[in-house]
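See below for the structure under consideration.
Numbering (the numbering used here), first residue to last: 1 to 470.
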């Protein structure tokens with residue numbers, strides 16, 4: 001019988017597992033060597049969305065004349081935004097610590113090292129070492145940015161997303177290497193704030209894992225907004241930019257002589273972009289102590305720890321949840337894994353694999369769940385598909401937010417198997433699709449539901465009614 005559980009890592013997977021483990025009657029020890037909340041709270045989800053929201057508001061105010069509002073003086077105070085971001089992070093961290101205390105979780109600050117399948121050694125801040133013994137050990141150590149082997153990669157002007165979030169001022173210009181979720185969110189945010197942004201992506205399109213109709217449309221919209229995008233391009237090196245090299249021009253035509261040059265191959269030709277900084281966003285990998293993992297014999301694929309359907313590693317008694325197992329690098333997936341693992345260990349519950357939505361906070365937003373059209377075709381699944389434009393919505397027109405569309409895939413038996421939304425508040429609207437898919441609702445059942453008018457939610461209702469031939 002499992003009762004005592006040691007969890008290493010206080011990010012979304014770790015602290016959620018700790019809370020639910022305690023609620024399910026377990027004796028839980030949670031060990032964190034940095035900050036509670038992990039990357040999500042401190043350097044990811046929360047700080048980026050805080051700045052994205054403020055950047056979007058600034059951009060909207062700059063275009064307020066389109067809605068009959070004239071303001072000749074709109075000023076962006078980035079230092080104040082950073083202060084607000086810090087306060088939000090601090091308040092949420094206090095909230096998490098309060099919950100852990102309420103549930104009587106034994107929270108330890110220190111560096112954890114697994115000794116064997118039931119023992120963990122922790123080096124505390126004063127240098128002393130404590131040992132903890134449990135019936136199960138859970139690795140929830142998160143992920144970190146991948147650093148590829150490229151000439152000049154050690155250049156001090158190459159930053160990670162964490163570095164960008166801690167900058168005291170906005171860069172004048174930036175080249176983002178990697179057009180995935182993190183790269184494109186930063187591209188939208190920084191562009192909104194007036195930064196000259198270029199994106200270099202290796203794949204043939206940005207956001208290569210989502211439905212291509214969405215990613216292609218977003219690419220076009222980003223280019224219209226002034227973001228320079230290069231796809232199908234391989235970065236081969238970085239060079240320091242100094243006064244004796246070609247000068248770098250900003251949007252206003254001014255020149256800057258200190259920066260970095262990104263060199264890449266595009267359509268078999270060598271191309272370069274000069275910018276003040278480079279944001280490296282080419283993927284993530286799990287965080288773990290390599291020596292310990294090898295000593296214990298825990299199987300991994302060099303990027304992530306491998307687990308079975310119950311999140312168990314190759315070593316009996318040791319489990320891995322959240323980013324470190326690579327199943328889904330999303331905080332809400334990590335929360336779910338933490339809850340489900342505790343239910344499995346302490347209440348003998350079966351682990352269920354739910355639909356996991358993807359929400360991308362670009363401009364416009366993207367919400368996606370289920371199969372893309374490409375995935376359905378690859379799996380040889382027969383389906384029908386429809387699109388409904390945001391421009392058909394009275395609420396969207398009133399909001400001056402008519403850019404975007406809803407796209408769905410319906411199986412032969414009339415059930416939703418994929419929903420993809422590009423447009424305002426799509427990261428909220430996508431949850432209609434999750435409820436429909438988890439509930440196994442048919443298109444006819446969805447058509448029988450009444451949505452309020454005028455709302456963006458009504459757009460989903462209009463969309464399902466477009467399947468009138470089913």
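All residues carry an ideal CB built from backbone N, CA and C; glycine is no exception.
Candidates 356, 200, 336: which alpha carbon is nearest residue 267's? 200
At 4 residues or longer, and completely inside the region 273 to 340: list those alpha helix (DSSP H) runs for me, N to C. 290 to 296
Range of the contiguous beta strand (DSSP E) that encloses residue 396: Looking at the DSSP string, residue 396 is not in any beta strand (DSSP E); the run it does join, the alpha helix (DSSP H), is 394 to 398.
Three-state secondary structure (DSSP) at residue 42? helix
Candidates 112, 307, 275: which alpha carbon is nearest residue 171's? 275
Once you ignore the five residues that flank residue 391 on each side, which residues in its own chain have a CB closer than 6 Å to its CB? 402
Confirm, please, whether the CB-CB distance from residue 416 to residue 474 is below 8 Å. In this structure the chain extends from 1 to 470, so residue 474 is not present and cannot be described.
Between the CA atoms of residue 203 and residue 269 - distance to the nearest angstrom: 16 Å
Residue(s) in a DSSP beta bridge with residue 79: Paired residue(s): none; residue 79 is not in a bridge.
Expressed to the nearest angstrom, what Euclidean distance is found between the alpha-carbon atoms of residue 4 and residue 120? 12 Å
Does the distance from the CB of residue 191 to the CB of residue 176 come in under 8 Å? no
Return helix, strand or coil for residue 23, following the three-state DSSP convention. helix
Between which two residues does the alpha helix (DSSP H) containing residue 441 stretch? That residue, residue 441, is in no alpha helix (DSSP H); it is neither H nor E in DSSP.
To the nearest angstrom, how far is it from the Cα of residue 127 to the Cα of residue 109? 12 Å
Per DSSP, what are the beta-bridge partners of residue 386 in this structure? 408
Alpha-carbon spacing of residue 52 relative to residue 185, whole angstroms: 8 Å
Let me know the secondary structure DSSP gives residue 34 once reduced to three states. coil
Can you grab the Cα-Cα spacing for the pair residue 46 / residue 361, in whole Å? 12 Å
Residues in its own chain within less than 8 Å of residue 195 by CB, not counting five upstream and five downstream? 170, 171, 172, 173, 174
Beta-carbon spacing of residue 30, residue 106 below 8 Å: yes
Which residues does DSSP pair with residue 205 in a beta bridge? Answer is none; residue 205 lacks a bridge partner.
Under the DSSP definition of a beta bridge, which residues are partnered with residue 222? DSSP, once it has assigned bridges, lists no residue as partnering residue 222.
Exposure of residue 155, with buried meaning 16 or more beta-carbon neighbours within 10 Å: buried
I'd like to know whether the C-beta of residue 450 is nearer than 8 Å to at least one C-beta of chain C. Checking the listed chains, one finds no chain C in this structure; it contains a single protein chain.
Can you tell me the Cα-Cα spacing of residue 316 and residue 79, whole angstroms? 49 Å
So, residue 278 versus residue 157, is the Cβ gap smaller than 8 Å? yes
Taking the alpha carbon of residue 233 as the point to measure from, which residue in 205, 265, 222, 122 has its own alpha carbon closest? 265
Through-space distance from residue 237 to residue 149, alpha-carbon basis: 9 Å
Residue interval of the alpha helix (DSSP H) (run including residue 190): 181 to 192
From residue 476 to residue 331, what distance separates their C-alpha atoms? Past the boundaries of the shown model lies residue 476; the chain is included only from 1 to 470, so the question cannot be answered.
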